[in-house]
Structure formats: structure tokens, C-alpha cells
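> Here's a structure for you.
Protein chains: 2
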Amino acid sequence: MSPFEETEEFVRDVTSSIVAVTGGEATALHEPEFDGNEWNYVKECIDTNFVSSAGKYVDRFERELEAYTGARHAIAVSNGTSALHISLLLAGVGPGDEVLVPALTFVATANAVIYCGAEPHFVDSELDSLGIDPEKLRSYLESTTTLIAGQCRNRVSGKVIRAMVPMHTFGHPSKIRELLDLCMEFSITMVEDAAESLGSFYSNKHTGTFGLLGTLSFNGNKTITTGGGGAILTDDSNLARKAKHLTTTAKVPHKWRYIHDEVGYNYRLPNLNAALGCAQLENIESKISRKRALSELYQEKFNNLNGVSLIREPTGCRSNYWLQAILLNPQFISSRDQILERTNEIGISTRPAWDLLTTLKPYKDFPSMDMAQADELAKRVINLPSSPQLIKAKK
Amino acid sequence: MSPFEETEEFVRDVTSSIVAVTGGEATALHEPEFDGNEWNYVKECIDTNFVSSAGKYVDRFERELEAYTGARHAIAVSNGTSALHISLLLAGVGPGDEVLVPALTFVATANAVIYCGAEPHFVDSELDSLGIDPEKLRSYLESTTTLIAGQCRNRVSGKVIRAMVPMHTFGHPSKIRELLDLCMEFSITMVEDAAESLGSFYSNKHTGTFGLLGTLSFNGNKTITTGGGGAILTDDSNLARKAKHLTTTAKVPHKWRYIHDEVGYNYRLPNLNAALGCAQLENIESKISRKRALSELYQEKFNNLNGVSLIREPTGCRSNYWLQAILLNPQFISSRDQILERTNEIGISTRPAWDLLTTLKPYKDFPSMDMAQADELAKRVINLPSSPQLIKAKK
Ligand SMILES: Cc1ncc(COP(=O)(O)O)c(C=O)c1O
Ligand SMILES: Cc1ncc(COP(=O)(O)O)c(C=O)c1O
Numbered sequence: 001m002s003p004f005e006e007t008e009e010f011v012r013d014v015t016s017s018i019v020a021v022t023g024g025e026a027t028a029l030h031e032p033e034f035d036g037n038e039w040n041y042v043k044e045c046i047d048t049n050f051v052s053s054a055g056k057y058v059d060r061f062e063r064e065l066e067a068y069t070g071a072r073h074a075i076a077v078s079n080g081t082s083a084l085h086i087s088l089l090l091a092g093v094g095p096g097d098e099v100l101v102p103a104l105t106f107v108a109t110a111n112a113v114i115y116c117g118a119e120p121h122f123v124d125s126e127l128d129s130l131g132i133d134p135e136k137l138r139s140y141l142e143s144t145t146t147l148i149a150g151q152c153r154n155r156v157s158g159k160v161i162r163a164m165v166p167m168h169t170f171g172h173p174s175k176i177r178e179l180l181d182l183c184m185e186f187s188i189t190m191v192e193d194a195a196e197s198l199g200s201f202y203s204n205k206h207t208g209t210f211g212l213l214g215t216l217s218f219n220g221n222k223t224i225t226t227g228g229g230g231a232i233l234t235d236d237s238n239l240a241r242k243a244k245h246l247t248t249t250a251k252v253p254h255k256w257r258y259i260h261d262e263v264g265y266n267y268r269l270p271n272l273n274a275a276l277g278c279a280q281l282e283n284i285e286s287k288i289s290r291k292r293a294l295s296e297l298y299q300e301k302f303n304n305l306n307g308v309s310l311i312r313e314p315t316g317c318r319s320n321y322w323l324q325a326i327l328l329n330p331q332f333i334s335s336r337d338q339i340l341e342r343t344n345e346i347g348i349s350t351r352p353a354w355d356l357l358t359t360l361k362p363y364k365d366f367p368s369m370d371m372a373q374a375d376e377l378a379k380r381v382i383n384l385p386s387s388p389q390l391i392k393a394k395k
Numbered sequence: 396m397s398p399f400e401e402t403e404e405f406v407r408d409v410t411s412s413i414v415a416v417t418g419g420e421a422t423a424l425h426e427p428e429f430d431g432n433e434w435n436y437v438k439e440c441i442d443t444n445f446v447s448s449a450g451k452y453v454d455r456f457e458r459e460l461e462a463y464t465g466a467r468h469a470i471a472v473s474n475g476t477s478a479l480h481i482s483l484l485l486a487g488v489g490p491g492d493e494v495l496v497p498a499l500t501f502v503a504t505a506n507a508v509i510y511c512g513a514e515p516h517f518v519d520s521e522l523d524s525l526g527i528d529p530e531k532l533r534s535y536l537e538s539t540t541t542l543i544a545g546q547c548r549n550r551v552s553g554k555v556i557r558a559m560v561p562m563h564t565f566g567h568p569s570k571i572r573e574l575l576d577l578c579m580e581f582s583i584t585m586v587e588d589a590a591e592s593l594g595s596f597y598s599n600k601h602t603g604t605f606g607l608l609g610t611l612s613f614n615g616n617k618t619i620t621t622g623g624g625g626a627i628l629t630d631d632s633n634l635a636r637k638a639k640h641l642t643t644t645a646k647v648p649h650k651w652r653y654i655h656d657e658v659g660y661n662y663r664l665p666n667l668n669a670a671l672g673c674a675q676l677e678n679i680e681s682k683i684s685r686k687r688a689l690s691e692l693y694q695e696k697f698n699n700l701n702g703v704s705l706i707r708e709p710t711g712c713r714s715n716y717w718l719q720a721i722l723l724n725p726q727f728i729s730s731r732d733q734i735l736e737r738t739n740e741i742g743i744s745t746r747p748a749w750d751l752l753t754t755l756k757p758y759k760d761f762p763s764m765d766m767a768q769a770d771e772l773a774k775r776v777i778n779l780p781s782s783p784q785l786i787k788a789k790k
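Structural data, given as C-alpha cells:
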């Protein structure tokens, strides 16, 4: 076969493996699924006039998120981005600080750092978990930072590296224990971006509960959705109280006076959206078990295909398999765009990983370590249709 | 009568005048009213899986807001606070700038200035409209600022006064023409905080459409609600495009790549909430006409009571009468808290105007002019129950 024919065959094989799972009809990357009490709860909000800040669903959603994740406190907010913003503020991130952020993540992770007046400092990822590479980061921190007065100082910029934001990519838990050790050793506060990993556990502990604070997203493309929404997780009662205060305009309780004791935010999750969240959360395990079965199905199809492998959960973890993904062997990197073209042409939504944040105009001039692995991943990953609906629910 | 008996009689009279309107049952300050297509539209979102960023209601809500307000562009966002934040950014407000903000407003008006890295500069209000006093502000600007290179510079702080944010208090249009003249003369950009004044017109032009940009809120306590929500109004197509871009993570359109060309925000209004907004907007004129009738009813009751007057719409304006308010004569200032106590005790929600922002911990050290009038207003105003439901709808 000529190289051209070889590529063509590969593109065809990958496409037909995907179609063998999705069934060939137009298929979204990830669609919400409302098959429980969504309408009942939302209707109740409308019928009782409690759609906004008053109403029982926000409280209930928070308590149920606590029960589900094992976090002592969950604070519902307007989305995953605002959850990150407030969590970083509460971790003490401010002007003049740097925050370690993977280059391979959705842009919101870095944006939240900027909202605090701080700078992202980009770090590389590793192949097993797609998260921050703890080994490589250790050498990097050892050679470029100094611990002064209990603070990790970047010797190049002179700034304090205040926090690290590991992100659990596509739902797969990062090497969070190693990253926690690193944080301890270098006096860095961990805030976990668990936007993609509700329902993902690292040795039986929920992602987002390892750091001082963790954040969730309930955007429309996530495992469960509130339309738009997010949450902050923490075991620290004091931080939880502050998170609630800061996200609700920092209003001091009073019978009628409007006293605000600091510059707060309107990051409330409306009761209407929380109602949707309560209903969604009731069925999360059904959704995740079908998303896991979907991975098995893709595995069957991709098992015998050379040049590509399906990304599976790291050992010792339970992943929610939020977004299914394949990894092209390096020699097929040049086929990636053809696969994307071919599948999207026939209505099967696929997409590459994010462009590395270090390549985006607003982020190309911030501090960054060598990106060899993240760069490879960005070129080799393709996300596949991942909705739980692709597998029939067991009734 | 002793002064004590006189006060007691006044408190009793005011309370019974309110009860004569509300009917004596527990009455909220402002309750949402869902008596149209709310159910239908929200159910359609759930049935079709379009609750989040995809879906037709956001577009439709924006087009309908344009038709209703006469603004050439409306951009739906997560709430009134985020609308102010983005509007100020688009007005060029940044670090080192000052922004003129009334001291008598909800704290969000000033918070949004801080989010931009700028400083609020507090200004006084006047009695007719409860908005910024244009005359007093003119003298103040004349005596404290200098126009240098087309920029209004505060001679005390040396900073540029970049923008002014008039706020249409309780729905009553400010003296917006005079304020616009002032902005022209002093080279200051106007951003209107019309959070409270959807449906309020100043000589037949909708509030929020006078400045370069204007903002609305659809919080649960507003004339119409989306649970939580807001909008940016502007006639400038370029700013409208930028507002949409900045509020949706600044993502550049691409078949599958995630490219963001600036630091954006997640200030989207979810489709679910926009659906509620579309239904609410269909009935806004019914709500406002009942809120106006409610003012007539209060007027009847307060007409013959000495020591207090009902706040009515400024001449030449149509007010939405978002929050009904009475103004105590100066000699009865000391009765305010007793009236608040008495009414709230029997379940009739009333509240004072906001504490002046210049008295709040986070804002007490920012530049400020003399606050004689705002200070009086803060002491003399009481808001009364204002829901449209207090008047029976004409079928
Ligand atoms: C890794 C990551 N971080 C943050 C976010 C932001 O969440 P949201 O869209 O709810 O603001 C998302 C999802 O959109 C995400 O995937
Ligand atoms: C004057 C004023 N500005 C801004 C806001 C902020 O709007 P939102 O609560 O929708 O963020 C409000 C209402 O809450 C308001 O009354």
C-alpha cells in the first residue's frame, strides 16, 4: 500500500469503528438526558414561585452533592468557572501570585487565575491519566523554585507559586496523591478542577475532595447538567461559609438592612437550575454505568485496530468516562484532521483535545515548562460520542 | 399629644394604610408571577434536551428584549451584575480609572467597577427621581476635575473618570438627558444600570438605551424573572458582538477547535432560564399596568396622611413602579425603624433603601462627594409590597 492508501484505510477503519458503536445516525458528542424527576421538580419551582434565590432545591442539591462526593461541604454556584474563581480567591491567590495550571485543559482553568489578578504558570501532562505529570513537575520545581519563608518562589519571575490546579481530564482522575505530596513538599495549595469528573473516584475517594477546595461543573455537556451550574467542594467549614458569603454578594444577615462586608459576587445557582440538578443527581449512577459500558463497547471495536488505542481509566480509579477518547499512534498524527472531517461530515460529532493554552493569544506569554507530552496529547487525542443514551438503560 | 403618642399614632397610621392595600395577609415585598407560557416553554426545553447553551430561547429572548426596549442589540447574560461587569469593560474601564456611581444603589453597581480593576467614585442623588443629581454633579465636576487630552481627570486622585453609571432607582427614570449632557461635556462614557427599570421609559425612550451600554436584571425580585439573569443593551453592533464574545468564553468559531482569543467569561444565560424569560416578557405590560394601579391605590391611602408621601413617577416618564416607596417627612425619620418593625412583625414585608455604599466597609475609603441628599433619602425611604398580584388581573 502507498502511504496515501494506508492513511485512507486507517481513517476508514477508525470511522467505521466509531459508527459500529454509535449506529451511524447523527450523534452528538454529549447530550443531556432527562429521564427522571426533572420536570416534576422544575414544575414545582414554577408552581410555588420559587425559581430564584429563595427555595429549597439549592439547599437540597448541596446536601445531596455532599452525600454523593463525600465532601463535608458543597456550595452550589452559577458554573464551574465561578467555582474556580472563588476557590482560588479562598486559597489566597491574588495579584503577584502564580498558579500551576496544566496547558492541556479548558480555558476556564486559566481564566479563573486571571480573574484573581494572578498569573497561570503552565505545566506538562502525562500519558496515563492525561493530568499533570508529578514526576516531571517535581524536577521542574526543584530546579526553578526556592522555598523562602514557607513560600514557593519562582526564581525566574520572583513570584510566589501560591496554588496548583490539577484537572481530571475527560473524567479520568489525575495522579492526585503524588500531586498532593508535591504540594505539601513545595508549600503549594491545591485547588482541584473536577469540572469533568463528577462521579470519578481515586481509590474510592471522590475527585475534587483531595485539595483544600475542589470545583464541579454542571454545564449542558457534562455528566449531569443544571443548564448552567457548578459547585465548590471543601472539608473546611470556615472556607465553606466564606464561599457561600462571597458567592451571594457578601450580604450580612439582617432583618431588612443591606449591609455587605466585602466585595462579593453574584454567583448564585438559581433554585430552578438546582431543581434540575437534584433530579439529575438521582440518576447519575445509571448514567455513569452506561458511560462505562460504552467504553467497553468502544474497546471491543478498537481492540483489534492497529495504530490507535482507547483511553481507559487509570488503575485504582473509577472514572465517570465523561468523554470517551482515542489516542492515535504517533505515526498517524497526520490522519487526525481527516478522521475529524470524515466523522463530522456524516454527523458523528468528534473533536480533538483543546489547543494547548500556551498556544492561545491571551496565554502565550505566561511562564511555562517544557510541554513535550501535552503537545503530543493535543495532537493525538480524539474525543468520541459519549452520551449515556448510546447504551440502552436497564430497567 | 406627647411626642411619644404622636409617633405611635403615625406608625399606626402608616401601617394601617399599607394594610388597607395589601389586605393584612402575609405579603412579600415582590413576588414572581407565572401566569403565562412559563410551563410550556420550560417543559419544551427539558423535552428537547436544550437546557444549556444550545437552544432557541436565548436568541428569541434577546430579539424580544430588543423589540420591547428599542435597543438595537440585547445580549442575554447570567445576571445584572455580570451585565454591568462586561458593559464597563466594553466602555473601556480598567485599572487606574474611576467610575461615577450613586451612593444610593444596590452594591452590585460598585462591585462591577471593582471587578474591572477600577475604583467607584460616589455621587449624590436628588429627590425627584432618586437618581444621580445632575446639577450638583456638574458643580462638583467643575470644581474637582480637569479635561486633559479629552479625558476627565480627578484633580485630587489624578485618575481618569472614565464612566458614569446612572441607576434608575426602584424603576423611576433618572434625569437621564441632563446626565447625558454632563457626560458629553466632561467626556465621560455612560453605562446605565437599568436593573430595576425594565418597562420604564423616559419621554418614550426605554431606560438603558441612553448610554453607550445599558444593563437589565431578571433576578427573582424583579418585574420579570428568569430565576437569575440579565441583559446588556446597546445600539453599537461592534460592542454587541464583543459582549456576546466576552460572555461566552471568547471562543472563536471553529468546526472543532477550541481557540479563545482573549480572557473571556462564562456569563451565559442558560436556555432553560431564557425560556422562562420569554414567557415572562409576554405578560410584562399586564404586570406593569397592575403595578401602576397599585401605586394609585397606595396614593389613595397615603394622600390624606400627614408626614409621609408616596413616591410617584417623575414627570415625562413612565415608570414600571418596580418597588413602591414612601418618603417620610424629615421629622418622622426616627419612626422609620418602628414602621419597619411593626409591618414586618405582622408579615407585611417592607424595607428601607440600601445603606449608602459610602458607609459599607469595602467602600468607605473611595472618593466621594457630599452625600447630603442621598443620606436623607436613605433615612426617609421605606419600600412597600409591590407585586403585581396585589391587583387582580383584568381578564
Ligand atoms: C476542565 C474544565 N474546567 C472548567 C470548566 C468550566 O465550567 P463551566 O462551563 O461550568 O463554567 C469546564 C467545563 O466547561 C472544564 O471542562
Ligand atoms: C440597581 C441594581 N444593580 C444591579 C443589580 C444586580 O442584578 P443581579 O441581581 O441580577 O445580579 C440589581 C439587582 O439585584 C440592582 O437592583
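Chains as they are written, first to last, in my numbering: chain A, 1 to 395; chain B, 396 to 790.
Glycine included, each C-beta is placed from N, C-alpha and C at the ideal position.
Small disclaimer: the values here were computed from a predicted structure and weren't measured.
1. Ligand 2 and GLU185 (chain A): does the residue's C-beta get closer than 6 Å to at least one heavy atom of that ligand?
2. Where do the ends of the beta strand (DSSP E) carrying PRO515 (chain B) lie?
3. Show which residues of chain A have a CB atom less than 7 Å away from the CB atom of GLU426 (chain B).
4. Determine, for LEU88 (chain A), whether the minimum Cβ-Cβ distance to residues of chain B falls below 7 Å.
5. Would you check whether ligand 1 has a heavy atom nearer than 6 Å to the C-beta of ALA194 (chain A)?
6. How about PHE11 (chain A) and SER334 (chain A): do their beta carbons lie closer than 7 Å?
7. SER632 (chain B) by DSSP, collapsed to three states: which one?
8. From GLU657 (chain B) to PRO120 (chain A), what distance separates their C-alpha atoms?
9. Terminal residues of the continuous beta strand (DSSP E) containing GLU493 (chain B)?
10. With 7 Å set as the bound, which would you pick, yes or no: does the beta-carbon of GLU38 (chain A) sit closer than that to a beta-carbon of chain B?
11. By the three-class DSSP mapping on this structure, what secondary structure does ASP133 (chain A) have?
12. If I follow the unbroken beta strand (DSSP E) through CYS116 (chain A), where does it start and stop?
13. Look up ILE346 (chain A) in the DSSP assignment and say whether it is helix, strand or coil.
14. Using the Cα positions of ALA635 (chain B) and TYR452 (chain B), report the straight-line distance between them to the nearest angstrom.
15. Run the CB neighbour count on VAL252 (chain A), radius 10 Å, all protein chains shown included, and call it buried at 16 or more, exposed below.
16. Please confirm whether ALA638 (chain B) and ILE627 (chain B) have their CB atoms less than 7 Å apart.
17. Kindly indicate which residue of A:ASN383, A:LEU297, A:SER203 and A:LYS291 has the alpha-carbon position closest to the one of THR315 (chain A).
18. Taking CB distances under 7 Å as the criterion, tell me whether SER78 (chain A) reaches chain B.
19. Since ASP124 (chain A) and ALA325 (chain A) should fall inside the 8 Å C-beta cutoff, what is the C-beta to C-beta distance between them, to a whole number of angstroms?
20. Excluding the 5 residues preceding and the 5 following MET766 (chain B) in the sequence, name in chain order all residues of the same chain whose CB lies nearer than 8 Å to its CB.
21. Could you please give me the residues that DSSP links to PHE302 (chain A) through a beta bridge?
22. Indicate whether GLU62 (chain A) and ALA74 (chain A) have their beta-carbon atoms separated by less than 7 Å.
23. Mark PRO568 (chain B) as exposed unless 16 or more other C-beta atoms lie within 10 angstroms of its C-beta, in which case mark it buried.
24. Residues of chain B with CB under 8 Å from GLU262 (chain A), in chain order?
25. Since ILE583 (chain B) contacts LEU495 (chain B) with CB under 8 Å, what's their CB separation in whole angstroms?
26. For the beta strand (DSSP E) containing GLN546 (chain B), name the first residue and the last one.
27. Quickly, what does DSSP pair LYS361 (chain A) with across the bridge? List them, please.
28. Would you say PRO648 (chain B) lies against chain A (beta-carbon separation less than 7 Å)?
29. ARG268 (chain A) touches chain B at which residues, Cβ-Cβ below 7 Å?
30. Beta carbons nearer than 9 Å to chain B: which residues of the region 101–112 of chain A have them?
31. Taking a cut of 7 Å between CB atoms, which residues from the region 131–155 of chain A lie near chain B?
32. Are there any heavy atoms of ligand 1 lying less than 6 Å away from the beta-carbon of PHE106 (chain A), as far as the coordinates show?
33. Given THR396 (chain A), which residues of its chain have a CB within under 8 Å of its CB, disregarding the five upstream and five downstream residues?
34. Taking 8 Å as the threshold, find out whether the region 181–195 of chain A comes into contact with the region 157–165 of chain A through three or more Cβ pairs.
35. Could you tell me if GLN280 (chain A) is buried or exposed, where buried requires 16 or more neighbouring beta carbons within 10 angstroms of its beta carbon?
36. Using a Cβ cut-off of 7 Å (strictly closer), state whether THR476 (chain B) contacts chain A.
Quick answer:
1. No - ligand 2 has no heavy atom lying nearer than 6 Å to the Cβ of GLU185 (chain A).
2. Secondary structure note for PRO515 (chain B): its beta strand (DSSP E) is the uninterrupted segment 514–518.
3. What GLU426 (chain B) touches in chain A: ASN49.
4. It does not: the Cβ of LEU88 (chain A) has no partner Cβ on chain B nearer than 7 Å.
5. A distance criterion of 6 Å places the beta-carbon of ALA194 (chain A) beyond contact range of ligand 1, judged by its closest non-hydrogen atom.
6. It should be pointed out that residue 11 (chain A) corresponds to Val in this sequence rather than to Phe. Not a contact, by the Cβ cut-off of 7 Å.
7. Reduced to three states, the DSSP call for SER632 (chain B) is helix.
8. About 14 Å.
9. For GLU493 (chain B), the enclosing beta strand (DSSP E) has its first and last residue at 492–497.
10. Proximity of GLU38 (chain A) to chain B, defined by a Cβ-Cβ separation below 7 Å, is satisfied.
11. Reduced to three states, the DSSP call for ASP133 (chain A) is coil.
12. Careful: CYS116 (chain A) lies outside any beta strand (DSSP E) and carries neither H nor E.
13. ILE346 (chain A) falls in the coil class under three-state DSSP.
14. Approximately 18 Å, taken between the alpha carbons.
15. It counts as exposed.
16. Taking C-beta atoms as the reference points, ALA638 (chain B) and ILE627 (chain B) count as a pair closer than 7 Å.
17. For THR315 (chain A), the closest alpha carbon among the candidates A:ASN383, A:LEU297, A:SER203 and A:LYS291 is that of A:SER203.
18. SER78 (chain A) counts as touching chain B.
19. The distance from the Cβ of ASP124 (chain A) to that of ALA325 (chain A) is about 18 Å, inconsistent with a contact at the 8 Å cut-off.
20. Setting aside the 5 residues that flank it on each side, MET766 (chain B) is surrounded in the same chain by ALA498, PHE517, ASP519, LEU751 and THR753, each with a C-beta closer than 8 Å to its C-beta; the list follows chain order.
21. None, per the DSSP bridge assignment.
22. Yes, they are a contact pair.
23. Per the 10 Å Cβ criterion, buried.
24. By Cβ distance, chain B contributes LYS756 and PRO757.
25. The pair is a contact, with the Cβ atoms about 7 Å apart (cut-off 8 Å).
26. Run containing GLN546 (chain B): 546–549, per the beta strand (DSSP E) assignment.
27. Partner(s): none; LYS361 (chain A) has no beta bridge.
28. With 7 Å as the cut-off, PRO648 (chain B) does not count as an interface residue toward chain A.
29. Listed along the chain, the chain B residues whose CB falls inside 7 Å of the CB of ARG268 (chain A) are GLY623.
30. When CB distances to chain B are screened at a threshold of 9 Å, the residues of the region 101–112 of chain A falling below it are PHE106, VAL107, ALA108, ALA110 and ASN111, in chain order.
31. Those residues of the region 131–155 of chain A that come within reach of chain B (Cβ to Cβ, closer than 7 Å) do not exist; the list is empty.
32. Because some heavy atom of ligand 1 lies under 6 Å away, the Cβ of PHE106 (chain A) counts as near it: yes.
33. This structure cannot settle anything about residue 396 (chain A), because the visible part of chain A is limited to 1 through 395.
34. Cβ pair count under 8 Å is three or more, so yes.
35. So GLN280 (chain A) counts as buried.
36. Using a Cβ-Cβ cut-off of 7 Å, THR476 (chain B) counts as an interface residue toward chain A, since at least one Cβ of chain A sits closer than that to its own.
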